[in-house]
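*Asks:* Those protein sequences? They're chains V and D, same order as listed.
Per the UniProt record's numbering: the first sequence = residues 1 to 407.
Per the UniProt record's numbering: the second sequence = residues 1 to 347.
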Amino acid sequence: MSFIRGVCKLSKNIRYTGSTHSILNKSGVVGTTTTTISTSKFNKTTINNNNKITYRNYGTENTTTATIGKETEEIKTAEIPYQFLSLTTEQWELALGKELSKNTQDFFDLVKKGRTTLLRKPAFQTIQWLSRMKDQSFYKESPKDYCLVLDGVGGAGKSVALAQAAFWAQQQNWLVVYIPNAHSFINNGSLSHFDINPLLFAQNSLTFNFIKQFVEINHAKLKQIKLKTKFKINLTGWESSTDKTLYDLLSSAKFDTASDIFYHFKRELNAVHEFPVLVAIDSYNYFHRPSEYGDMYDPSSNLGSLPTERLLAASLFKDILSHQISNGVVVASTTDVVPKREMYKVIPEENILNVPTFSIYELKLLINFLVESEYLEKSPSQESIEYFWQLASGNPRELWKLLRILH
Amino acid sequence: MFKLVLNNTINSVASKNSSSISNGLLREFSKLSIYKNNNNKINNCKCTNCVCNCKCTKKITTQTNIYSSVKNDIIKRYYSTPNKNVEDSNNNNNNNNNNNNKEDSKIGYATSESNKDKMVDSFYVNLRSKDDYVKMFKDESQPKKQEKNDIFNVRVSVPRPEVDEHYEHPFQSKDLADEYFNKNLPNSNEEQQVLPFSDNTRFSPFRPVRPRHQESLVINGASTGYSKRKRSRAVATIKPGNGELLVNGRTILDYFPSISYRDNVIQPLVITETLTKWNISIRAFGGGLKGQSEASRRALGMALVNYDLGYRPALKISGLLKSDGRKVERKKPGQLKARKKFPLVKR
Chain V
1 MSFIRGVCKL SKNIRYTGST HSILNKSGVV GTTTTTISTS KFNKTTINNN
51 NKITYRNYGT ENTTTATIGK ETEEIKTAEI PYQFLSLTTE QWELALGKEL
101 SKNTQDFFDL VKKGRTTLLR KPAFQTIQWL SRMKDQSFYK ESPKDYCLVL
151 DGVGGAGKSV ALAQAAFWAQ QQNWLVVYIP NAHSFINNGS LSHFDINPLL
201 FAQNSLTFNF IKQFVEINHA KLKQIKLKTK FKINLTGWES STDKTLYDLL
251 SSAKFDTASD IFYHFKRELN AVHEFPVLVA IDSYNYFHRP SEYGDMYDPS
301 SNLGSLPTER LLAASLFKDI LSHQISNGVV VASTTDVVPK REMYKVIPEE
351 NILNVPTFSI YELKLLINFL VESEYLEKSP SQESIEYFWQ LASGNPRELW
401 KLLRILH
Chain D
1 MFKLVLNNTI NSVASKNSSS ISNGLLREFS KLSIYKNNNN KINNCKCTNC
51 VCNCKCTKKI TTQTNIYSSV KNDIIKRYYS TPNKNVEDSN NNNNNNNNNN
101 NKEDSKIGYA TSESNKDKMV DSFYVNLRSK DDYVKMFKDE SQPKKQEKND
151 IFNVRVSVPR PEVDEHYEHP FQSKDLADEY FNKNLPNSNE EQQVLPFSDN
201 TRFSPFRPVR PRHQESLVIN GASTGYSKRK RSRAVATIKP GNGELLVNGR
251 TILDYFPSIS YRDNVIQPLV ITETLTKWNI SIRAFGGGLK GQSEASRRAL
301 GMALVNYDLG YRPALKISGL LKSDGRKVER KKPGQLKARK KFPLVKR
């Protein structure tokens with residue numbers, strides 16, 4: 001928790017350039033004169049603390065104006081501040097957990113220098129949306145206010161933007177439930193009978209591991225949240241009361257009672273009012289595909305017929321359009337591995353946010369970073385950068401591959 | 001008109017050839033374009049003042065003389081003209097050496113024995129071990145290796161977004177070659193001025209077959225090209241833009257998975273140095289992927305030529321406007337394939 005608190009202090013002290021600046025001012029600092037002109041172009045700003053986070057600013061000039069005693073005005077010319085969010089692996093794991101999808105981990109392993117990501121426009125848009133929902137105190141008028149889905153071509157940086165938004169929420173003292181890979185969240189471990197709802201299958205091994213990792217990250221916040229619902233767990237005889245906290249519930253989890261506790265944990269999550277809640281789901285496509293489980297006695301099913309609604313953990317997080325989290329919101333991202341057509345039928349276009357491919361300017365920033373981290377010896381010339389960009393049609397994953405092969 | 005165009009473009013192409021031409025070999029291209037630029041700027045120039053690519057003949061002088069190790073105050077005394085006022089003012093600090101000054105100025109600094117010992121001592125203090133001599137010898141004989149920090153052009157200098165041409169910089173007409181020609185030869189593509197008298201009566205033995213007035217193939221700012229290869233055909237349409245490239249409505253990455261096919265399509269853009277200057281959409285159909293990629297290559301080249309004739313010589317020299325008329329040879333009756341015969345059987 002000491003880490004998270006430190007980061008929270010940090011984030012308030014940092015003056016972001018551009019759009020985030022206005023976000024931070026809305027929530028925190030009001031009634032101060034800030035006439036800052038960020039003349040630091042292409043400067044490396046390092047903030048030395050117990051937890052080191054470095055932001056390299058590649059942003060443009062921004063002039064922010066504010067008046068005394070009034071709310072800060074939004075910046076009219078919202079220019080994109082390009083920054084690298086560079087974290088160590090420990091910081092990442094403390095904030096977001098140890099799991100990662102394979103595609104993103106491979107690129108982190110290649111550079112071998114922490115986990116640095118480029119902050120881009122969709123990440124800022126999600127953060128802006130989240131802060132707007134918080135100002136609205138999560139009052140949901142339309143289906144647009146329930147969730148937001150990041151969509152785009154394969155390798156465009158959807159899951160990176162999601163992780164950045166989740167990290168931002170963790171900094172701002174939200175309670176974040178981060179599911180890094182929905183495939184492993186659905187198809188993991190063996191199934192068993194579930195007493196509370198016999199139509200569902202309990203997933204003890206999955207929920208037990210999930211709860212263990214979740215408590216490791218968020219134990220300090222969970223101690224502040226008190227239980228609101230009344231229930232009793234039959235196997236152990238554990239009863240809820242107003243004195244007990246959510247930490248007591250989750251820490252009492254054993255292998256056999258894990259799925260029961262997970263069910264009640266979701267019901268408690270709906271009623272949390274101490275912290276704003278964010279549920280971040282990566283590769284959300286998988287929820288709308290049949291799971292890999294099937295009927296053992298029906299060979300025609302070929303073990304791929306059981307819908308995700310029948311699984312306990314998946315059924316609780318599947319409905320993102322009509323979820324019951326009173327003080328929270330859901331952000332999801334898709335994958336290119338599995339087709340998305342079933343998802344498009346359910347989720348309207350208003351909730352979908354497109355993640356674009358790289359522009360040439362962003363490519364230059366990436367190459368500059370790769371040279372700095374000594375992954376590339378030399379940078380390619382200006383002409384070959386254009387050539388790579390045209391050859392890959394701006395797709396970051398393909399650009400990375402080209403740089404590995406050709407350069 | 002056409003000669004002028006040729007001269008200008010050939011000059012430009014010749015300069016471009018050295019920097020970037022991909023003759024289908026990607027790896028060579030990348031090596032060419034990258035290492036040339038950097039190697040030009042890394043010289044063995046040793047001088048500290050200038051870093052650039054200059055013909056400077058200065059060299060760093062290492063400390064080889066004995067006198068260089070002596071302090072500067074003493075050297076001044078030795079070489080300077082004997083102005084007593086100046087000397088006294090300089091040497092007030094060192095009262096111990098004042099006695100020997102008068103003799104030294106006349107005869108020389110090294111002759112006096114007391115100074116000799118000092119100089120020898122100071123020489124041996126700096127050079128005690130044998131390795132120091134080896135270092136000195138190496139410094140004189142061999143040039144120093146450049147460290148990593150000294151190579152200044154290692155990374156791309158990311159320009160500011162205000163200056164950068166790709167950062168929200170709309171396509172402008174001056175990016176094309178048109179403006180140069182229009183400035184120097186306005187309305188050159190139009191018909192000649194009509195003479196005041198009727199020209200029909202005159203005898204005109206050398207009447208050109210093709211009329212001077214050539215209709216432009218650019219319609220609404222877009223031009224097209226068409227070509228065939230094997231069984232596949234392709235039509236390319238071009239418009240000045242920001243580098244979109246679509247094949248049958250899909251991105252080029254999506255349509256051609258392998259790098260060599262994608263490289264085929266882009267080659268005319270590399271040679272004309274107009275990467276990321278067009279919005280291109282290609283319609284390719286029939287045959288396989290290789291045929292489609294090579295058909296779309298020539299179609300794109302033809303579209304460029306139709307847009308502006310200035311691109312023609314560069315494309316023609318590099319051989320991208322060649323039409324490949326080869327088709328699969330038909331199977332013959334009485335044979336196994338086109339050329340292959342049935343195995344010979346006796347009787």
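Ideal Cβ placement from N, Cα and C applies to all residues, glycine included.
Model, not experiment: these values are computed from the prediction.
I want to verify the contact list: residues of chain V whose CB lies under 8 Å from the CB of THR276(D), in sequence order.
*Replies:* Here residue 276(D) refers to the residue found at position 276 when the second sequence is read from its first residue. Simply ILE360, GLU386, TRP389, GLN390.
*Asks:* Going by CA-CA distance only, name the one from LYS331(D), ARG297(D), MET302(D) that's closest to ARG339(D).
*Replies:* In the second sequence, counting from the first residue as 1, residue 339(D) sits at position 339. For ARG339(D), the nearest C-alpha among the options comes from LYS331(D).
*Asks:* Who are the near neighbours of TRP92(V) in its chain, counting only those whose CB is closer than 7 Å to its CB and skipping five residues on each side?
*Replies:* Taking the first sequence and counting its residues from 1, the one referred to as residue 92(V) is at position 92. Result list for TRP92(V): ARG115, in chain order.
*Asks:* Chain D beta carbons: is any one of them nearer than 7 Å to that of residue 458(V)?
*Replies:* Any answer about residue 458(V) is impossible in this case: the structure gives chain V only from 1 up to 407.
*Asks:* Grouping DSSP H, G and I as helix and E and B as strand, with all else coil, what is ILE347(V)?
*Replies:* In the first sequence, counting from the first residue as 1, residue 347(V) sits at position 347. If DSSP states are grouped into helix, strand and coil, ILE347(V) belongs with coil.
*Asks:* Leaving out five residues on either side along the sequence, give the residues of the same chain with a beta carbon under 6 Å from the beta carbon of PRO143(V).
*Replies:* Position 143 of the first sequence, counting from 1, holds the residue named residue 143(V). So the list reads LEU321, once near-sequence residues are dropped.
*Asks:* Along the beta strand (DSSP E) that carries ILE352(V), what are the first and last residues, could you check?
*Replies:* Position 352 of the first sequence, counting from 1, holds the residue named residue 352(V). Run containing ILE352(V): 352-354, per the beta strand (DSSP E) assignment.
*Asks:* Between ILE37(V) and LEU119(V), what straight-line distance do the alpha-carbon atoms span, to the nearest angstrom?
*Replies:* The residue labelled residue 37(V) in the question sits at position 37 within the first sequence. The residue labelled residue 119(V) in the question sits at position 119 within the first sequence. Caution is warranted here: a pLDDT of 33 is assigned to ILE37(V), below 50, making its placement in the model unreliable, and no coordinate value can be reported.
*Asks:* What are the boundary residues of the alpha helix (DSSP H) that includes TRP174(V)?
*Replies:* Numbered from 1 along the first sequence, position 174 holds the residue referred to as residue 174(V). Here TRP174(V) belongs to no alpha helix (DSSP H), and DSSP marks it neither H nor E.
*Asks:* Have a look at TYR178(V) and VAL328(D) and give me their C-alpha separation to the nearest angstrom.
*Replies:* For the purposes of this step, residue 178(V) is taken as residue 178 along the first sequence, with counting starting at 1. For the purposes of this step, residue 328(D) is taken as residue 328 along the second sequence, with counting starting at 1. About 58 Å.
*Asks:* Let's test the definition: count the other Cβ atoms within 10 Å of the Cβ of VAL149(V) and tell me whether it reaches 16, buried, or not, exposed.
*Replies:* Counting from one through the first sequence, the residue named residue 149(V) turns up at place 149. VAL149(V) should be labelled buried.
*Asks:* Is the beta carbon of GLY301(D) sitting closer than 7 Å to the one on LEU289(D)?
*Replies:* For the purposes of this step, residue 301(D) is taken as residue 301 along the second sequence, with counting starting at 1. For the purposes of this step, residue 289(D) is taken as residue 289 along the second sequence, with counting starting at 1. No, they are not a contact pair.
*Asks:* List, in chain order, every chain V residue whose beta-carbon is nearer than 7 Å to that of ASP308(D).
*Replies:* Counting from 1 along the second sequence, the entry for residue 308(D) is found at position 308. Going along chain V, no residue has its Cβ under 7 Å from ASP308(D), so there is no contact; the nearest lies around 19 Å.
*Asks:* Checking the sheet assignment: what are the DSSP bridge partners for ARG115(V)?
*Replies:* Position 115 of the first sequence, counting from 1, holds the residue named residue 115(V). DSSP, once it has assigned bridges, lists LEU87(V) as partnering ARG115(V).
*Asks:* Using the beta-carbon count (16 or more within 10 Å), is LEU275(D) buried or exposed?
*Replies:* Taking the first residue of the second sequence as 1, we reach residue 275(D) at position 275. With 16 or more Cβ atoms within 10 Å of its Cβ, LEU275(D) is classed as buried.
*Asks:* Residue ranges of each alpha helix (DSSP H) run of no fewer than 4 residues wholly in the stretch 283-323 of chain V, ordered along the chain?
*Replies:* Qualifying alpha helix (DSSP H) stretches, in chain order: 312-318.
*Asks:* Taking Cβ positions, are ASN188(V) and LEU162(V) nearer each other than 7 Å?
*Replies:* Counting from one through the first sequence, the residue named residue 188(V) turns up at place 188. Counting from one through the first sequence, the residue named residue 162(V) turns up at place 162. No, these two residues do not count as a Cβ contact at 7 Å.
*Asks:* The beta strand (DSSP E) spanning ASP151(V) covers which residue range?
*Replies:* The residue labelled residue 151(V) in the question sits at position 151 within the first sequence. 147-151 is the span of the beta strand (DSSP E), which, as asked, contains ASP151(V).
*Asks:* For ALA284(D) versus SER227(D), is the C-beta spacing smaller than 7 Å?
*Replies:* Against the second sequence, residue 284(D) aligns to sequence position 284. Against the second sequence, residue 227(D) aligns to sequence position 227. No, they are not a contact pair.
*Asks:* Could you tell me whether the Cβ atoms of ALA202(V) and SER192(V) are closer together than 7 Å?
*Replies:* Residue mapping note: residue 202(V) aligns to position 202 of the first sequence, counting from 1. Residue mapping note: residue 192(V) aligns to position 192 of the first sequence, counting from 1. Contact flag set, yes.
*Asks:* Counting only Cβ pairs nearer than 7 Å, list the residues of chain D close to SER393(V).
*Replies:* As a working mapping, residue 393(V) is identified with position 393 in the first sequence. The contacting residues are LEU245, THR251, ILE252, LEU253.
*Asks:* Classify ALA220(V) as buried or exposed, calling it buried when 16 or more other Cβ atoms lie within 10 Å of its own Cβ.
*Replies:* Here the question's residue 220(V) lines up with position 220 in the first sequence. By the 10 Å Cβ count, ALA220(V) comes out exposed.
*Asks:* Please go through the stretch 351-393 of chain V and give each complete beta strand (DSSP E) segment of 3 or more residues, from N-terminal end onward.
*Replies:* Counting only runs of 3 or more, we get 352-354.
*Asks:* Could you tell me if PRO348(V) is buried or exposed, where buried requires 16 or more neighbouring beta carbons within 10 angstroms of its beta carbon?
*Replies:* Walking along the first sequence from the start, residue 348(V) turns up at place 348. Result: exposed.
*Asks:* Helix, strand or coil, according to DSSP, for GLY328(V) in the structure here?
*Replies:* As a working mapping, residue 328(V) is identified with position 328 in the first sequence. The answer is strand: DSSP assigns GLY328(V) an E or B state.
*Asks:* From ASN327(V) to GLN164(V), what distance separates their C-alpha atoms?
*Replies:* Start at 1 with the first residue of the first sequence, and residue 327(V) comes out as number 327. Start at 1 with the first residue of the first sequence, and residue 164(V) comes out as number 164. Their backbone Cα atoms lie some 21 Å apart in a straight line.
*Asks:* Beta-carbon within less than 7 Å of ARG347(D)'s beta-carbon, same chain only, minus the 5 sequence neighbours each way: which residues are those?
*Replies:* Taking the first residue of the second sequence as position 1, residue 347(D) is located at position 347. Excluding sequence neighbours, ARG347(D) sits near nothing in its chain.
*Asks:* Check MET100(V) in the structure and name its three-state DSSP category.
*Replies:* In the first sequence, residue 100(V) corresponds to position 100, counting from 1. It is Leu, not Met, that sits at residue 100(V) in the sequence shown. Here LEU100(V) sits in coil by DSSP.
*Asks:* Within 10 angstroms of its Cβ, does MET133(V) collect 16 or more other Cβ (buried), or is it exposed?
*Replies:* Along the first sequence, read from residue 1 onward, the residue named residue 133(V) stands at position 133. Counting Cβ neighbours within 10 Å, MET133(V) comes out buried, since at least 16 surround it.
*Asks:* Taking Cβ positions, are LEU304(D) and TYR311(D) nearer each other than 7 Å?
*Replies:* As a position in the second sequence, residue 304(D) is number 304, starting the count at 1. As a position in the second sequence, residue 311(D) is number 311, starting the count at 1. Their beta carbons are under 7 Å apart, which means LEU304(D) touches TYR311(D) by this criterion.
*Asks:* Short of 6 Å in beta carbon distance, which residues of its chain neighbour ASP295(V), apart from the five on each side in sequence? Order them along the chain.
*Replies:* Your numbering for residue 295(V) matches position 295 in the first sequence. Hits under 6 Å: SER301.
*Asks:* For chain V, find out if any of its Cβ atoms is closer than 7 Å to the Cβ of ILE266(D); answer yes or no.
*Replies:* If you number the second sequence from 1, residue 266(D) lands on position 266. Interface residue, yes.
*Asks:* Determine, using beta carbons only, whether GLY241(D) and ASN306(D) come nearer to each other than 7 Å.
*Replies:* For this step, residue 241(D) is matched to residue 241 along the second sequence. For this step, residue 306(D) is matched to residue 306 along the second sequence. It is not a contact, given that the beta carbons lie outside the stated cut-off.
*Asks:* Since LEU304(D) meets chain V, which of its residues come closer than 7 Å, beta carbon to beta carbon?
*Replies:* The sequence position of residue 304(D) within the second sequence is 304, counting from 1. Within 7 Å Cβ-Cβ: nothing; LEU304(D) doesn't reach chain V, min ~15 Å.
*Asks:* Measure the alpha-carbon distance for residue 410(V) versus VAL337(V) and round it to whole angstroms.
*Replies:* With chain V represented from 1 up to 407, any question about residue 410(V) goes unanswered, as that position is not in the structure.
*Asks:* For ARG298(D), name the three-state secondary structure that DSSP assigns.
*Replies:* The residue given as residue 298(D) occupies position 298 in the second sequence. Helix.
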